Amino acid sequence: MPHTFTAVILAAQRGGRIDPLAAEAGVTHKCLVPILGRPLIEYVLDALIAVPGLERIRVCIEPGAVEAVKRVAGASGERGIPVDYVPSAETITESAYASAEGVEGPIVLTTADNVNLTPGAVLQMLQEIEHGADAVVALASKSSVLASHPEAQRRFYEFSDDAYSNCNLYALAGRQALAMAETFREGGQFAKSPKRMIRAFGLINILLLRFRLISLSGAMKRLSRRFGGRVRAAVLADGRHAVDVDNERTYRIAKLILERKAAGPGVAA
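Count the sequence shown with UniProt numbering and you get residues 1 to 269, in order.
Have a look at this one:
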(Lines of atoms letter the chains of each structure in order from A and count residues from 1; the text may use other names and numbers.)
(Lines give C-alpha, C1' and ligand atoms only; values in the text may rest on other atoms or scores of the structure.)
Protein backbone atom coordinates (compact mmCIF):
# COMPACT_ATOMS: atom_id res chain seq x y z
CA MET A 1 0.00 0.00 0.00
CA PRO A 2 1.15 3.64 -0.34
CA HIS A 3 3.77 4.56 2.24
CA THR A 4 1.86 7.60 3.54
CA PHE A 5 -1.43 9.39 2.97
CA THR A 6 -3.30 12.49 4.09
CA ALA A 7 -6.83 12.35 5.50
CA VAL A 8 -9.36 15.13 4.96
CA ILE A 9 -12.41 15.43 7.24
CA LEU A 10 -15.21 17.67 5.96
CA ALA A 11 -16.81 19.14 9.10
CA ALA A 12 -18.40 22.45 8.09
CA GLN A 13 -22.08 23.36 8.28
CA ARG A 14 -24.01 23.14 5.04
CA GLY A 15 -24.76 26.61 3.76
CA GLY A 16 -23.64 28.08 7.07
CA ARG A 17 -26.85 26.93 8.75
CA ILE A 18 -26.85 25.42 12.24
CA ASP A 19 -27.78 21.77 11.94
CA PRO A 20 -30.97 20.75 13.82
CA LEU A 21 -29.09 18.01 15.69
CA ALA A 22 -26.45 20.54 16.78
CA ALA A 23 -29.12 22.98 17.92
CA GLU A 24 -30.85 20.29 19.96
CA ALA A 25 -27.55 19.21 21.54
CA GLY A 26 -26.57 22.81 22.30
CA VAL A 27 -23.39 22.78 20.19
CA THR A 28 -22.33 24.93 17.26
CA HIS A 29 -21.64 22.16 14.74
CA LYS A 30 -23.04 18.74 13.98
CA CYS A 31 -19.56 17.22 14.23
CA LEU A 32 -19.64 18.08 17.95
CA VAL A 33 -22.98 16.38 18.62
CA PRO A 34 -22.42 13.64 21.21
CA ILE A 35 -23.36 10.03 20.53
CA LEU A 36 -22.75 7.58 23.37
CA GLY A 37 -20.96 10.41 25.14
CA ARG A 38 -18.45 11.19 22.40
CA PRO A 39 -18.58 13.85 19.63
CA LEU A 40 -19.26 12.47 16.16
CA ILE A 41 -15.90 13.63 14.80
CA GLU A 42 -14.03 11.72 17.50
CA TYR A 43 -15.16 8.40 16.01
CA VAL A 44 -13.81 9.47 12.62
CA LEU A 45 -10.50 10.65 14.08
CA ASP A 46 -10.00 7.40 15.98
CA ALA A 47 -10.65 5.30 12.86
CA LEU A 48 -8.22 7.31 10.74
CA ILE A 49 -5.45 7.41 13.32
CA ALA A 50 -5.55 3.61 13.55
CA VAL A 51 -4.60 3.29 9.85
CA PRO A 52 -0.88 2.67 9.20
CA GLY A 53 0.72 5.31 7.02
CA LEU A 54 -1.44 8.26 8.04
CA GLU A 55 0.83 11.29 7.75
CA ARG A 56 -1.50 14.21 8.46
CA ILE A 57 -5.17 15.06 9.06
CA ARG A 58 -6.84 18.15 7.63
CA VAL A 59 -10.15 19.21 9.17
CA CYS A 60 -12.16 21.53 6.93
CA ILE A 61 -14.43 23.76 9.02
CA GLU A 62 -15.38 27.40 9.58
CA PRO A 63 -12.62 29.34 11.38
CA GLY A 64 -14.97 30.20 14.25
CA ALA A 65 -15.39 26.53 15.16
CA VAL A 66 -11.71 25.57 15.14
CA GLU A 67 -11.14 25.98 18.87
CA ALA A 68 -14.16 23.83 19.74
CA VAL A 69 -12.97 21.06 17.42
CA LYS A 70 -9.42 21.35 18.75
CA ARG A 71 -10.74 20.43 22.20
CA VAL A 72 -11.81 17.11 20.66
CA ALA A 73 -9.04 16.53 18.13
CA GLY A 74 -6.30 17.86 20.38
CA ALA A 75 -3.47 20.16 19.46
CA SER A 76 -1.44 19.35 16.38
CA GLY A 77 0.51 16.16 17.04
CA GLU A 78 -1.16 15.48 20.38
CA ARG A 79 -2.57 12.21 19.08
CA GLY A 80 0.68 11.39 17.32
CA ILE A 81 -0.58 12.78 14.00
CA PRO A 82 -0.43 16.47 12.97
CA VAL A 83 -3.88 18.05 12.56
CA ASP A 84 -4.37 21.09 10.31
CA TYR A 85 -7.50 23.23 10.05
CA VAL A 86 -8.58 24.46 6.63
CA PRO A 87 -11.21 27.22 6.26
CA SER A 88 -14.33 25.82 4.61
CA ALA A 89 -15.64 27.18 1.31
CA GLU A 90 -19.19 27.89 0.16
CA THR A 91 -19.83 24.33 -1.06
CA ILE A 92 -18.80 20.85 0.02
CA THR A 93 -16.94 20.31 -3.23
CA GLU A 94 -15.00 23.57 -2.98
CA SER A 95 -14.12 22.70 0.62
CA ALA A 96 -12.82 19.30 -0.41
CA TYR A 97 -10.79 20.87 -3.20
CA ALA A 98 -9.27 23.47 -0.86
CA SER A 99 -8.43 20.81 1.73
CA ALA A 100 -6.58 18.68 -0.79
CA GLU A 101 -4.69 21.57 -2.38
CA GLY A 102 -0.94 21.15 -2.24
CA VAL A 103 -1.02 17.64 -0.78
CA GLU A 104 1.52 15.21 -2.18
CA GLY A 105 0.55 11.55 -2.32
CA PRO A 106 -2.74 9.76 -1.71
CA ILE A 107 -5.68 11.55 -0.08
CA VAL A 108 -8.60 9.97 1.76
CA LEU A 109 -11.70 12.14 2.19
CA THR A 110 -14.61 11.54 4.51
CA THR A 111 -17.17 13.47 6.56
CA ALA A 112 -17.17 14.29 10.26
CA ASP A 113 -20.46 12.43 10.80
CA ASN A 114 -19.17 9.13 9.37
CA VAL A 115 -19.21 7.45 12.79
CA ASN A 116 -19.11 3.87 11.45
CA LEU A 117 -15.85 4.42 9.57
CA THR A 118 -13.28 1.68 10.19
CA PRO A 119 -9.53 1.43 9.56
CA GLY A 120 -10.22 -1.58 7.32
CA ALA A 121 -12.39 0.50 5.00
CA VAL A 122 -9.66 3.11 4.65
CA LEU A 123 -7.09 0.41 3.91
CA GLN A 124 -9.34 -1.01 1.19
CA MET A 125 -9.47 2.43 -0.45
CA LEU A 126 -5.69 2.80 -0.30
CA GLN A 127 -5.23 -0.67 -1.81
CA GLU A 128 -7.26 0.43 -4.84
CA ILE A 129 -4.95 3.45 -5.18
CA GLU A 130 -1.93 1.17 -4.93
CA HIS A 131 -3.37 -0.99 -7.70
CA GLY A 132 -3.58 1.92 -10.09
CA ALA A 133 -6.79 3.82 -9.38
CA ASP A 134 -6.77 7.62 -9.62
CA ALA A 135 -10.04 8.04 -7.73
CA VAL A 136 -12.03 5.61 -5.56
CA VAL A 137 -15.53 5.79 -4.13
CA ALA A 138 -16.65 3.49 -1.31
CA LEU A 139 -20.00 1.74 -1.70
CA ALA A 140 -21.93 -0.95 0.17
CA SER A 141 -24.50 -3.30 -1.35
CA LYS A 142 -28.17 -2.80 -0.53
CA SER A 143 -28.43 -6.21 1.15
CA SER A 144 -25.47 -5.52 3.45
CA VAL A 145 -26.77 -2.07 4.35
CA LEU A 146 -30.25 -3.33 5.22
CA ALA A 147 -28.69 -6.20 7.18
CA SER A 148 -27.14 -3.59 9.47
CA HIS A 149 -30.61 -2.08 10.06
CA PRO A 150 -33.80 -2.33 7.94
CA GLU A 151 -34.11 1.48 7.90
CA ALA A 152 -30.42 2.23 7.51
CA GLN A 153 -30.87 3.76 4.04
CA ARG A 154 -33.90 4.52 1.90
CA ARG A 155 -32.26 5.42 -1.39
CA PHE A 156 -29.80 3.35 -3.42
CA TYR A 157 -27.99 3.59 -6.73
CA GLU A 158 -29.57 0.91 -8.91
CA PHE A 159 -27.23 -0.88 -11.34
CA SER A 160 -27.94 -3.91 -13.50
CA ASP A 161 -26.00 -6.22 -11.16
CA ASP A 162 -27.00 -4.83 -7.74
CA ALA A 163 -28.01 -1.73 -5.79
CA TYR A 164 -25.50 0.23 -3.69
CA SER A 165 -25.29 3.01 -1.14
CA ASN A 166 -22.57 5.62 -0.86
CA CYS A 167 -20.36 5.38 2.25
CA ASN A 168 -19.10 9.00 2.32
CA LEU A 169 -15.55 7.77 1.83
CA TYR A 170 -13.34 8.68 -1.14
CA ALA A 171 -9.70 8.42 -2.13
CA LEU A 172 -7.54 10.27 -4.66
CA ALA A 173 -4.15 9.16 -5.91
CA GLY A 174 -2.76 12.62 -5.38
CA ARG A 175 -2.24 15.96 -7.09
CA GLN A 176 -2.84 14.52 -10.58
CA ALA A 177 -6.33 13.37 -9.55
CA LEU A 178 -7.40 16.81 -8.33
CA ALA A 179 -8.19 17.88 -11.89
CA MET A 180 -11.03 15.33 -11.91
CA ALA A 181 -12.69 17.28 -9.11
CA GLU A 182 -13.06 20.31 -11.39
CA THR A 183 -16.15 18.63 -12.85
CA PHE A 184 -17.96 19.08 -9.54
CA ARG A 185 -16.86 22.61 -8.64
CA GLU A 186 -20.21 24.16 -9.62
CA GLY A 187 -21.81 23.34 -6.31
CA GLY A 188 -22.35 20.92 -3.46
CA GLN A 189 -25.24 18.47 -3.80
CA PHE A 190 -25.42 18.67 -7.58
CA ALA A 191 -27.32 15.36 -7.72
CA LYS A 192 -30.45 17.35 -6.90
CA SER A 193 -30.02 19.28 -10.15
CA PRO A 194 -30.52 17.24 -13.37
CA LYS A 195 -28.65 19.83 -15.44
CA ARG A 196 -25.60 19.75 -13.20
CA MET A 197 -25.69 15.96 -13.13
CA ILE A 198 -25.80 15.74 -16.92
CA ARG A 199 -22.91 18.20 -17.25
CA ALA A 200 -20.87 16.18 -14.77
CA PHE A 201 -21.58 12.61 -15.90
CA GLY A 202 -23.05 12.93 -19.40
CA LEU A 203 -26.60 12.27 -20.55
CA ILE A 204 -25.95 8.74 -21.82
CA ASN A 205 -24.41 7.67 -18.52
CA ILE A 206 -27.36 9.11 -16.59
CA LEU A 207 -29.85 7.26 -18.81
CA LEU A 208 -27.96 3.98 -18.49
CA LEU A 209 -28.08 4.29 -14.71
CA ARG A 210 -31.69 5.48 -14.64
CA PHE A 211 -32.91 2.39 -16.50
CA ARG A 212 -30.47 -0.04 -14.85
CA LEU A 213 -28.77 -0.83 -18.14
CA ILE A 214 -25.24 -0.81 -16.80
CA SER A 215 -23.32 -2.71 -14.13
CA LEU A 216 -21.24 -1.05 -11.44
CA SER A 217 -17.98 -2.07 -13.11
CA GLY A 218 -19.30 -0.87 -16.47
CA ALA A 219 -20.26 2.46 -14.96
CA MET A 220 -16.78 2.90 -13.49
CA LYS A 221 -15.21 2.24 -16.90
CA ARG A 222 -17.45 4.83 -18.57
CA LEU A 223 -16.72 7.40 -15.86
CA SER A 224 -13.01 6.70 -16.23
CA ARG A 225 -13.19 7.54 -19.93
CA ARG A 226 -15.24 10.67 -19.27
CA PHE A 227 -12.98 12.01 -16.51
CA GLY A 228 -9.71 10.95 -18.11
CA GLY A 229 -8.58 8.90 -15.12
CA ARG A 230 -9.05 5.48 -13.57
CA VAL A 231 -12.18 5.62 -11.39
CA ARG A 232 -12.97 2.58 -9.28
CA ALA A 233 -15.54 1.54 -6.70
CA ALA A 234 -14.50 -0.18 -3.47
CA VAL A 235 -17.45 -2.29 -2.33
CA LEU A 236 -17.23 -2.61 1.45
CA ALA A 237 -18.58 -5.88 2.86
CA ASP A 238 -19.97 -4.32 6.04
CA GLY A 239 -23.11 -2.31 5.29
CA ARG A 240 -22.71 -0.31 8.50
CA HIS A 241 -20.23 1.85 6.62
CA ALA A 242 -23.16 3.42 4.78
CA VAL A 243 -24.78 4.63 8.01
CA ASP A 244 -23.70 8.13 8.96
CA VAL A 245 -25.56 10.79 10.96
CA ASP A 246 -27.67 12.90 8.60
CA ASN A 247 -30.75 13.56 10.74
CA GLU A 248 -32.62 12.43 13.85
CA ARG A 249 -33.63 9.11 12.25
CA THR A 250 -30.12 8.14 11.18
CA TYR A 251 -28.76 9.40 14.51
CA ARG A 252 -30.92 6.84 16.32
CA ILE A 253 -29.86 4.07 13.93
CA ALA A 254 -26.17 4.95 14.16
CA LYS A 255 -26.41 5.03 17.93
CA LEU A 256 -28.00 1.58 17.97
CA ILE A 257 -25.28 0.20 15.69
CA LEU A 258 -22.54 1.69 17.87
CA GLU A 259 -24.18 0.24 20.98
CA ARG A 260 -24.18 -3.22 19.40
CA LYS A 261 -20.57 -2.78 18.34
CA ALA A 262 -19.59 -1.76 21.86
CA ALA A 263 -21.40 -4.78 23.29
CA GLY A 264 -19.22 -7.04 21.14
CA PRO A 265 -19.92 -9.92 18.74
CA GLY A 266 -22.81 -12.19 19.45
CA VAL A 267 -25.28 -9.39 20.19
CA ALA A 268 -28.42 -10.02 18.19
CA ALA A 269 -29.25 -7.60 15.40
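Even glycine gets a Cβ: it sits at the ideal position worked out from N, Cα and C.
From a predicted model like this one, the values you see are computed outputs, not experimental measurements.
Note down the Cα distance separating residue i from residue j, rounded to an integer number of angstroms.
| i | j | result |
| --- | --- | --- |
| Ala135 | Asp19 | 30 angstroms |
| Tyr157 | Gly218 | 14 angstroms |
| Ile214 | Arg232 | 15 angstroms |
| Gly26 | Val33 | 8 angstroms |
| Asn247 | Arg155 | 15 angstroms |
| Ile253 | Ala242 | 11 angstroms |
| Phe227 | Lys221 | 10 angstroms |
| Ala133 | Ala23 | 40 angstroms |
| Pro82 | Glu151 | 37 angstroms |
| Ala163 | Arg240 | 15 angstroms |
| Asp84 | Pro106 | 17 angstroms |
| Asp161 | Ala68 | 45 angstroms |
| Ser224 | Ser148 | 31 angstroms |
| Lys255 | Ala262 | 10 angstroms |
| Met125 | Ala234 | 6 angstroms |
| Arg14 | Val122 | 25 angstroms |
| Arg260 | Gly80 | 29 angstroms |
| Ser95 | Gly264 | 36 angstroms |
| Ile129 | Pro63 | 32 angstroms |
| Arg249 | Ala177 | 35 angstroms |
| Asp238 | Arg17 | 32 angstroms |
| Tyr97 | Cys31 | 20 angstroms |
| Thr110 | Leu146 | 22 angstroms |
| Gly120 | Cys167 | 13 angstroms |
With distance defined between alpha-carbon atoms, name the residue in the options nearest to residue i.
| i | options | result |
| --- | --- | --- |
| Ser143 | Ala133, Ser165, Ile253 | Ser165 |
| Asp244 | Gln153, Ala233, Met220 | Gln153 |
| Gly229 | Phe5, Gly174, Ala73, Thr118 | Gly174 |
| Asp159 | Leu216, Gln127, Ala112 | A quick correction: the sequence has Phe, not Asp, at residue 159. It is Leu216. |
| Gln127 | Val145, Ala65, Phe5, Gly64 | Phe5 |
| Thr28 | Pro39, Ala65, Glu55 | Ala65 |
| Leu21 | Glu104, Tyr251, Val59, Gly102 | Tyr251 |
| residue 271 | Pro39, Val145, Glu94, Asp238 | Limits of the chain in this structure are 1 at one end and 269 at the other, which puts residue 271 out of reach. |
| Glu101 | Ala73, Leu146, Val59 | Val59 |
| Glu104 | Glu55, Thr110, Pro63 | Glu55 |
Mind reading off the beta-carbon distance from residue i to residue j? Whole number of angstroms is fine, and I expect it under 8 angstroms.
| i | j | result |
| --- | --- | --- |
| residue 270 | Gly53 | No answer is possible for residue 270: it lies beyond the span of the chain, which begins at 1 and ends at 269. |
Determine whether the beta carbon atoms of residue i and residue j lie at a separation below 7 angstroms.
| i | j | result |
| --- | --- | --- |
| Ala12 | Ile61 | yes |
| Val108 | Ala171 | yes |
| Leu169 | Ala138 | yes |
| Val44 | Ile9 | yes |
| Leu236 | Leu36 | no |
| Ser99 | Val86 | yes |
| Thr118 | Ala47 | yes |
| Ala112 | Ile41 | yes |
Does the Cβ of residue i lie closer than 6 angstroms to at least one heavy atom of the ligand GDP?
| i | result |
| --- | --- |
| Ala121 | The ligand content of the structure shown is nil, which means the ligand GDP is not present either. |
TODO: Give, in chain order, every unbroken run of the alpha helix (DSSP H) that is at least 4 residues long and sits entirely within the UniProt domain "MobA-like NTP transferase" (7-142).
DONE: Listed in chain order, they are 20-25, 40-49, 66-73, 92-100, 119-130.
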